[in-house]
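Residue numbers (the working numbering): 651 to 735. C-beta atoms are modelled at their ideal positions from N, C-alpha and C, and glycine is treated no differently.
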Amino acid sequence: MDYRHVIREFIRDNLSIEHEGAAFSDDDNYFELRFVNSLFAMKLVQFVEQQFGIVVENDELDLNNFCTVNNLVKFVEAKKAKEAG
């Protein structure tokens with residue numbers, strides 16, 4: 651599965667109104683850039699769990715895991731590898 655594409659599409663679809671259509675790289679922190687609102691964090695966690703079939707544990711709710719596309723892809727890949735191994 652192409653995690654990166656799915657994650658980018660979800661983020662793009664959930665940009666705040668004033669940033670719709672904004673360009674961002676896979677290393678851009680969309681929270682710091684204020685491309686998303688505060689409710690987005692909860693929505694993102696729920697999306698990741700449902701889309702990729704993983705459970706995000708309380709100790710994994712670190713913004714660093716979720717603040718960029720690259721960090722989120724690494725997080726999902728690590729969770730999937732752990733579950734498969």
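Looking at the structure shown, is residue i part of a helix, part of a strand, or coil, going by DSSP?
{"i": "Glu682", "result": "coil"}
{"i": "Asp663", "result": "helix"}
{"i": "Ala728", "result": "helix"}
{"i": "Phe674", "result": "coil"}
Is the distance from the Cβ of residue i to the Cβ of residue j below 9 Å?
{"i": "Val719", "j": "Phe702", "result": "no"}
{"i": "Asn679", "j": "Ser666", "result": "no"}
CA-CA distance, residue i and residue j?
{"i": "Met651", "j": "Lys730", "result": "11 Å"}
{"i": "Val698", "j": "His669", "result": "22 Å"}
{"i": "Glu616", "j": "Val723", "result": "With the chain covering 651 to 735 only, the question about residue 616 has no answer from this structure."}
{"i": "Leu683", "j": "Cys717", "result": "10 Å"}
Does any heavy atom of the ligand ADP sit closer than 8 Å to the C-beta of residue i?
{"i": "Asp712", "result": "For the structure depicted, the ligand ADP is absent and the ligand set is empty, with no information on it obtainable."}
Identify every run of the beta strand (DSSP E) within the region 681-710, keeping only runs that are complete inside it and at least 3 residues long; order them along the chain. none
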